[in-house]
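To start, the structure under review is shown below, and the notes come after it.
Protein chains: 2
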Amino acid sequence: MKILPDTSFFLSLLTFGVEEYFVISPSFTRLAADVEIQFCPPDKLKPKPAVKDLVFGKTFTEHMLEIQWVDGEGWHKPQISPFHNLSMHPAAKSLHYSVQFEGMKAYRGVDGKIRLFRPDENMKRMNRTAERASLPTFDGEELIELIKKLIRIDQEWVPHSESSSLYVRPTLISNEDALKVEQPSKALLFVILSPTGPYFSTGFNAVSLLADPQYVRSWPGGCGHTKMGANYGPTLMIQKEAMKKGLQQVLWLYGPDHRLTEVGAMNIMIVLKKKNGGIELVTPPLDGLILPGVTRLSILEIVRSWPEYEVTERDITMAEVVEASKEDRLLEIFGAGTAVVVCPVGEIHYMDKVIKVPTMQQEKPLYKKVYNAILDIQYGRNQHPWAVPID
Amino acid sequence: MKILPDTSFFLSLLTFGVEEYFVISPSFTRLAADVEIQFCPPDKLKPKPAVKDLVFGKTFTEHMLEIQWVDGEGWHKPQISPFHNLSMHPAAKSLHYSVQFEGMKAYRGVDGKIRLFRPDENMKRMNRTAERASLPTFDGEELIELIKKLIRIDQEWVPHSESSSLYVRPTLISNEDALKVEQPSKALLFVILSPTGPYFSTGFNAVSLLADPQYVRSWPGGCGHTKMGANYGPTLMIQKEAMKKGLQQVLWLYGPDHRLTEVGAMNIMIVLKKKNGGIELVTPPLDGLILPGVTRLSILEIVRSWPEYEVTERDITMAEVVEASKEDRLLEIFGAGTAVVVCPVGEIHYMDKVIKVPTMQQEKPLYKKVYNAILDIQYGRNQHPWAVPID
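Residue numbers (full-length UniProt numbering), protein chains in the order written: chain A, 1 to 391; chain B, 1 to 391.
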């Protein structure tokens with residue numbers, strides 16, 4: 001892992017071959033190789049829960065990864081050690097201001113191999129977010145190596161199931177013990193692992209959405225395109241509003257024309273029959289309001305290879321959705337994200353209207369086709385460069 | 001401290017005399033009285049640093065206050081104990097998503113008494129923020145009592161200086177060990193104390209501001225009117241941009257007409273000579289984009305009592321500031337907040353223009369008059385109901 005105090009500067013170096021630079025500080029060049037590992041004693045190993053009992057983000061494995069960063073010193077040696085509480089100074093900056101995280105998964109394939117799905121994309125996004133959050137950036141390839149080491153140690157926690165997986169949560173916080181709202185001079189990167197069961201154990205269920213234009217998730221000039229905690233904490237209250245109305249998720253709108261932006265903590269995908277008869281998959285463009293989801297990217301790349309669909313990244317307003325619905329041209333809406341892959345939408349509650357979305361009524365719905373295509377890659381049924389084996 | 005699972009419901013009860021309700025759960029009615037105190041052993045007491053050596057938010061006192069909340073159980077017994085690190089599960093929600101905090105101060109007056117400044121206003125705002133952050137609300141009066149107890153124990157940490165003070169940081173986090181983005185079922189309220197030196201030990205210094213409309217702090221439908229960490233973390237990068245240009249703070253603009261909203265983490269005050277000759281103090285209205293600062297409120301109330309000024313809460317755009325500057329009608333701009341009381345502005349760097357603000361050139365500037373009026377109250381030179389003695 002290399003210290004990158006100013007990413008833009010170093011990115012420019014990287015294009016010209018940066019190796020010379022790092023000869024000056026060789027201690028940063030082989031961080032993954034420098035990892036110190038302390039194993040959990042055998043008598044402390046925990047029984048692995050049954051897949052059916054797994055609740056998202058509640059169960060954790062036996063080991064965790066930590067890497068401390070200190071301004072002027074850079075990244076310290078990575079430590080893999082038995083899972084433990086963090087000892088946090090109460091003034092730790094991230095208990096007051098800024099945090100960021102990533103979400104990715106490891107899958108046990110049909111061949112028994114464990115694979116990560118496009119981890120390079122998560123690393124790119126995590127570094128972009130670190131920069132926006134004023135936290136230190138790092139070498140993503142090194143962190144992938146460290147995550148692989150951690151998963152290898154806890155490999156028995158990767159469920160033996162083709163619908164379950166091991167959720168990987170890299171997190172970057174500042175543990176500097178100073179209250180002033182300013183650049184953190186200390187940061188801690190840690191990675192924890194949580195086995196997670198199938199979202200759709202009894203088949204897909206369509207969710208109902210609350211679309212209330214008075215609540216706005218993200219705005220131009222903000223940080224809605226990053227995976228900062230700042231984008232998630234403020235959504236909890238609106239999620240509660242939706243649940244009070246018996247709905248499951250929030251459909252986030254933006255602007256006077258009520259553009260669709262995201263759904264819950266997922267990207268949104270809309271399948272329309274075009275007026276000329278073709279079928280269009282629409283998703284909002286990466287204009288700064290939208291999280292650049294790895295599942296979103298993968299769906300776009302996969303569907304673009306299927307000639308029967310036109311794929312467009314463009315703004316889509318509630319007026320267009322309402323019109324398409326009236327003209328029976330609204331075919332499907334689904335969320336897309338790492339946790340669920342896809343999540344079909346059944347209805348939208350918007351300004352005293354209920355828009356029925358016939359996602360579940362399609363004979364050969366797109367959401368199922370992309371779900372199967374992605375799972376085939378994740379679980380090794382389709383050997384594909386996006387699925388990176390752990391060993 | 002009372003459990004208030006749904007504030008709006010309980011607020012409606014409160015107007016009709018809520019005491020009957022709380023008879024049902026008497027364990028919540030006397031939380032401040034129930035505090036458990038564990039004193040720091042005498043040999044662990046630390047020497048108090050010299051006021052001149054104090055850096056904001058770096059030095060902490062010997063004790064801290066903690067109150068755990070658990071969904072269904074409510075607020076547990078408060079604990080005051082020697083200052084210690086928090087043992088945080090790595091999945092603690094607030095290390096990933098949502099945090100909130102408050103900032104207030106205790107002052108040692110000219111009569112030796114220690115006073116808090118309008119703590120009821122901080123408690124109101126903290127409860128409003130808790131609700132927006134989906135964290136539990138509480139009885140503000142009880143928390144004030146607990147904070148008084150804590151300060152009494154650490155009273156020797158309140159600087160013996162009329163320009164220094166003890167910064168009080170109540171913080172509300174979720175320490176629930178679950179990663180799902182949903183209502184937290186556990187929360188921890190803690191209070192830490194940090195003695196802080198004078199901001200203007202060598203007299204006032206005017207700051208220079210970066211006003212770059214491409215960065216937006218807060219937006220309608222968001223949470224910019226609350227004291228959530230989500231409003232602060234994303235500002236660090238822009239603050240760094242300002243400092244790279246040799247400027248000290250960010251002037252936050254909003255909208256196509258570049259309305260002034262806040263400065264750094266302070267409210268903004270603009271003093272204009274009106275076209276008809278009168279003097280107007282302008283500050284942006286509490287429209288959801290603006291933090292309702294206690295210092296802001298106090299300045300408005302004080303200056304409204306001075307007949308020579310017209311006080312207006314209204315939108316003010318950069319175009320109006322530029323025009324007033326050209327016509328020599330821009331008299332002063334200053335920030336207002338708990339940390340500094342007031343912070344005079346000397347210039348604004350805006351779209352390749354530098355607008356000079358003659359704040360420091362006024363003969364009898366308003367910022368100094370309000371500074372003195374507020375310090376007179378905080379340090380007990382003017383006996384005033386806003387200053388609440390600790391005992």
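Glycine included, every Cβ here is placed at the ideal spot set by N, Cα and C.
| query | result |
| --- | --- |
| Just how far apart, CA to CA, sit A/Q249 and B/V181? | 11 angstroms |
| Quick one: is A/T171 near chain B, going by C-beta distance under 8 angstroms? | yes |
| Would you kindly report the start and end of the unbroken beta strand (DSSP E) that includes A/T196? | K186 to T196 |
| Using the three-state DSSP reduction, which class does A/N267 fall into: helix, strand or coil? | strand |
| Give me the Cβ distance between A/I390 and A/V321, rounded to the nearest whole Å; I'm assuming they're in contact under 8 angstroms. | Their Cβ separation, rounded to whole angstroms, is 42 angstroms, which puts A/I390 and A/V321 out of contact at 8 angstroms. |
| Quick one: which chain A residues come within Cβ less than 9 angstroms of B/V99? | S94, L95, H96, Y97, V99, G229 and G233 |
| Out of A/V342, A/A187 and A/E310, which has the shortest C-alpha to C-alpha gap to A/A265? | A/V342 |
| Quick one: residues in its chain with C-beta nearer than 6 angstroms to the C-beta of B/P26, no 5 flanking neighbours on either side, listed in chain order? | Legend: pLDDT at B/P26 = 32, less than 50; position of this residue unreliable, no value from coordinates given. |
| In the DSSP assignment, what are the bridge partners of A/Y350? | A/A211 and A/K353 |
| How about A/L86: is its C-beta nearer than 8 angstroms to some C-beta of chain B? | yes |
| My guess is that A/Q378 and A/L331 are in contact by the Cβ rule of under 8 angstroms, so how many angstroms apart are they, rounded? | 25 angstroms between Cβ atoms; not a contact. |
| Take every Cβ of the region 235–242 of chain B, pair it with every Cβ of the region 289–304 of chain B, and state whether three or more of those distances are shorter than 8 angstroms. | no |
| Considering only DSSP beta bridges, list what B/I377 is partnered with. | According to DSSP, which records beta bridges pairwise, B/I377 is partnered with nothing at all. |
| For the pair the region 77–88 of chain A and the region 347–357 of chain A, tell me if three or more CB-CB distances fall below 8 angstroms. | no |
| Within the continuous alpha helix (DSSP H) that includes A/Q239, where are the two ends? | L236 to K244 |
| So, does the CB of B/L150 fall closer than 8 angstroms to a CB anywhere in chain A? | no |
| Looking only at C-alpha atoms, which of A/Q214, A/G103 and A/M318 sits nearest to A/Y167? | A/G103 |
| Throw me the rounded Cβ distance for the A/L172 and A/A187 pair, which I believe falls under 8 angstroms. | 6 angstroms |
| Strictly under 8 angstroms for the Cβ-Cβ distance: is B/A50 near chain A by that measure? | no |
| For the beta strand (DSSP E) containing A/S81, name the first residue and the last one. | Q79 to P82 |
| Could you check which residue in A/S298, A/E66, A/I147 and A/E323 has the C-alpha nearest to that of A/H384? | A/S298 |
| What residue range does the beta strand (DSSP E) around A/V70 cover? | H63 to V70 |
| Would you check if there are 3 or more beta carbon pairs closer than 8 angstroms linking the region 254–262 of chain B to the region 153–161 of chain B? | no |
| Please classify B/V18: does DSSP put it in a helix, a strand, or coil? | In this predicted model, B/V18 has a pLDDT of only 30, less than 50, meaning its place in the structure is not dependable; the value taken from the coordinates is given anyway. Coil. |
| What residues are listed by DSSP as bridge partners for A/V249? | The residue you asked about is not Val; residue 249 of chain A is Gln in the sequence shown. A/L209. |
| From B/R381 to A/G246, what does the alpha carbon distance come to, in whole angstroms? | 57 angstroms |
| Helix, strand or coil, according to DSSP, for A/G233 in the structure here? | helix |
| Which residue spans inside the region 115–181 of chain B form an unbroken alpha helix (DSSP H) run of at least 4? | 119–132 and 140–153 |
| Please identify the residue among B/I147, B/D43, B/D328 and B/P90 whose C-alpha is closest to the C-alpha of A/F60. | B/P90 |
| For A/I192, decide whether its Cβ has a neighbour in chain B, counting only Cβ atoms nearer than 8 angstroms. | yes |
| What in chain B is Cβ-close to A/L236, meaning under 8 angstroms? | Y97, S98, A133, S134, V181, E182, Q183 and P184 |
| Identify the contact partners of A/H76 in chain B, using a Cβ-Cβ distance below 8 angstroms as the criterion. | Correct list: empty, because the minimum Cβ distance to chain B is about 17 angstroms. |
| In angstroms, rounded to a whole number, what distance separates the CA positions of B/I24 and B/R169? | Since pLDDT at B/I24 reaches only 30, below the 50 mark, its modelled position is unreliable, and the value read off the structure follows with that caveat. Going from the Cα of B/I24 to the Cα of B/R169 covers about 32 angstroms. |
| Does the beta-carbon of A/K148 have 16 or more other beta-carbons within 10 angstroms, so that it is buried, or is it exposed? | buried |
| Note the first and the last residue of the continuous alpha helix (DSSP H) segment covering A/T283. | Counting along the chain, A/T283 falls outside any alpha helix (DSSP H), though it belongs to the beta strand (DSSP E) covering I279 to T283. |
| If the criterion is Cβ atoms closer than 8 angstroms, does the pair A/H63 and A/C40 meet it? | yes |
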